[in-house]
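So the structure is just underneath, and the comments pick up after that.
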Amino acid sequence: MTDLYEPAQLRTFLAVAQTRSFTQAATRLGLRQPTVSSHIRKLEQATGRQLLARDTHSVSLTPDGEAMIGFAGAILASYAPAQRYFTGPQPRGRVRLGLSDDLALTRLPEILRAFRGEHPLIDLELTVDQSGQLHRRLERNQLDLFLGKRPLDDGPSPVLVRRDPLVWIGTPGAALDPGRPLPLVVYPAPSVSRTLMLSALERESRTYRTACLCRGFNGLVAAVSAGIGISAVATSMVPASVITLGPEHRLPKLGQIDVVLMSNPRTQGRTPVQALTRTILGQGAQILSADAAPPR
């Protein structure tokens with residue numbers, strides 16, 4: 006095993022680990038797919054380990070690949086400040102970032118901390134709200150970047166950051182009477198998770214009622230924990246005060262939630278915006294992977 010890991014190879018590895026796709030990683034990094042394959046092959050040669058298991062249909066991480074996510078993020082985090090110090094003045098300015106409120110409660114603040122360490126002269130204007138409201142603010146030129154749930158209409162070129170199954174949540178021992186409308190705890194429209202819940206129930210002709218309308222993730226968790234109703238969240242967001250409802254509750258499958266990064270086409274070329282984009286897409290693969298298991 007060599008002592009030298011090329012930063013370009015580590016960035017490529019993190020992009021593949023994040024997207025589970027050589028093609029998507031190439032698009033994200035602005036590289037040709039053979040270059041992505043070459044970077045991964047050289048990194049595996051440098052480590053002397055297989056990091057990715059791939060066939061014609063899928064890409065997955067080996068145990069050594071899972072370990073490399075943390076090492077790669079740490080190496081790049083220490084490399085970037087030295088590179089900036091010796092290659093020119095640090096960028097200045099302000100970035101308006103919209104962050105969905107449920108993500109704000111995960112380890113996402115670590116990404117902001119990493120960004121502050123890398124770019125101390127760039128100021129942040131942070132807006133935390135529901136994803137639907139933030140989509141609108143981005144369209145109205147009130148944000149530079151949005152990090153949260155993929156909008157139902159996709160919008161302008163979202164970049165996939167993480168994909169999570171959406172699951173039903175309720176209280177331990179929750180009993181759902183099939184003869185009565187399901188009591189739901191939901192966000193106001195527009196809401197991605199609300200739309201997916203209602204669509205799934207309507208496909209199976211299940212009746213429901215809005216037992217509680219909440220304008221934030223904390224309120225939704227409190228209402229479900231109190232037994233007011235059931236709701237749905239991403240697997241990585243299930244809090245310790247509730248449980249994932251299983252097959253015995255006979256609830257329809259909900260599909261997946263995509264966490265995406267979207268940029269404002271009017272400001273995406275600005276240096277501060279590009280700097281935060283690189284941090285989210287680079288360090289995000291390492292930091293967000295730590296949220297893959299529900300906190301219990």
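If you're matching positions, the sequence shown starts at 6 in our numbering and goes up one per residue. The beta-carbon is built from N, C-alpha and C at its ideal position, and this holds for glycine as well. Source: prediction; values computed, not measured.
If you look at Gln55, you'll find it isn't in any alpha helix (DSSP H); DSSP assigns it neither H nor E. Taking a 10 Å sphere around the C-beta of Gln95, we find fewer than 16 other C-beta atoms and assign the residue as exposed.
Exposed is the label assigned to His62, since fewer than 16 other Cβ atoms lie within 10 Å of its Cβ.
Within the stretch 154-196, complete beta strand (DSSP E) segments of at least 3 residues are found at 164-175, 187-191, given in chain order. Taking C-beta atoms under 8 angstroms as the contact rule, Ser241 and Asp134 fail to qualify, at a distance of about 20 angstroms.
Contact between Thr276 and Leu150 is ruled out by a C-beta separation of about 13 angstroms, above the 8 angstroms threshold. Of all alpha-carbon atoms in Leu102, Met202, Pro188, the one lying nearest the alpha-carbon of Ala228 is that of Pro188. For the set Val197, Ala77, Ile233, Gln279, the Cα lying nearest the Cα of Gly175 is the one of Ile233. Along the length of the stretch 9-34, whole alpha helix (DSSP H) runs at least 4 residues long occupy 12-24, 27-34, reported in chain order. Residues of the same chain with a CB within less than 7 angstroms of the CB of Leu110, apart from the 5 flanking positions on each side, are Phe222 in chain order. Note on Gly35: under 16 other CB atoms within 10 angstroms of its CB, so exposed under the neighbour-count rule. Within the stretch 120-144, the runs of alpha helix (DSSP H) that reach at least 4 residues and sit entirely inside it are, in chain order, 136-144. Fewer than three pairs of CB atoms, one per stretch, sit closer than 8 angstroms, so the stretch 138-146 makes no contact with the stretch 250-259. The Cβ-Cβ distance between Ala205 and Lys154 does not fall below 8 angstroms. Around Ser246, the same chain offers Ser230 as residues with beta carbons nearer than 6 angstroms, after the five sequence neighbours per side are excluded. Apart from the 5 residues on each side of it in sequence, Val226 sits with its Cβ closer than 6 angstroms to the Cβ of Pro244 in its chain, given in chain order. In the three-state reduction of the DSSP assignment, Val243 falls in the coil class. The criterion of a C-beta distance shorter than 8 angstroms is satisfied by Leu171 and Gly260. Under DSSP, Ser236 forms a beta bridge with Ile174. Per DSSP, Ser230 lies in no beta strand (DSSP E); the unbroken alpha helix (DSSP H) holding it starts and ends at 222-230. A contact between stretches requires three or more CB pairs, one per stretch, nearer than 8 angstroms, and the stretch 52-68 fails this requirement with the stretch 180-199. In this structure Leu129 is in contact with Val100, their Cβ atoms being roughly 6 angstroms apart against a cut-off of 8 angstroms.
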